[in-house]
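For the sequence shown, counting from 1, position 31 maps to 31 in UniProt numbering; every step adds exactly one.
All residues carry an ideal CB built from backbone N, CA and C; glycine is no exception.
This one's a predicted model, so the numbers in the text were calculated from it and none came from an experiment.
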Amino acid sequence: MRVLIVEDEFLIASLLEAIVEEQGHERLGPVSTVEQALAYAPRADIALVDLGLADGNSGRLLARRLVDRFGIEVVFVTGDASALQDGFDGALAVIQKPFRDEEIISALTTALARRSRSIGRAQHP
1 MRVLIVEDEF LIASLLEAIV EEQGHERLGP VSTVEQALAY APRADIALVD LGLADGNSGR
61 LLARRLVDRF GIEVVFVTGD ASALQDGFDG ALAVIQKPFR DEEIISALTT ALARRSRSIG
121 RAQHP
């Protein structure tokens, strides 16, 4: 599975990279702006998205584009989960920073299972 990492904090991005690669997934990024994320989007299956991005844009707006335009599963990884208390249609999960590795692994496992089911349905309608 190809995992796009959208995170502007170097340390957090490095931790996410390590988890993604240790789980055997292909890493795209990390990137820290909407423009960079959209460049990788056509290749991504899932995106780990922070709410506050380096270019001042909202990860929430980016996530809406990733879901609507590219059909990408989105997991928010944020220090301000309360900003998503009203929910986000299309988000697989919201993970609060600081996070435990197991939370990211669980979200990746869920995304992989959902992707496998949807591919299976597409192949056997």
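Tell me, please, which residues DSSP counts as bridged to residue i.
i          : result
residue 70 : Looking at the DSSP assignment, residue 70 forms no beta bridge with any residue, so it has no partner.
residue 76 : 49, 94
residue 58 : 52
residue 4  : 28, 47
Output yes or no for whether 8 Å exceeds the beta carbon distance between residue i and residue j.
i           : j          : result
residue 95  : residue 75 : yes
residue 32  : residue 54 : yes
residue 48  : residue 77 : yes
residue 93  : residue 72 : no
residue 84  : residue 37 : no
residue 34  : residue 27 : no
residue 56  : residue 50 : no
residue 117 : residue 1  : no
Quick check on the burial criterion: 16 or more other C-beta atoms within 10 angstroms. Buried or exposed for residue i?
i           : result
residue 98  : exposed
residue 113 : exposed
residue 30  : buried
residue 18  : exposed
residue 11  : exposed
residue 7   : buried
Just to confirm my understanding: we take residue i, look at its own chain, exclude 5 residues before and 5 after, and list those with CB closer than 7 Å. What are they?
i          : result
residue 40 : 4, 28, 29, 31
residue 80 : 51
Excluding five sequence neighbours on each side, which residues of the same chain lie with their C-beta closer than 8 Å to the C-beta of residue i?
i          : result
residue 16 : 5, 7, 30, 48, 77, 104
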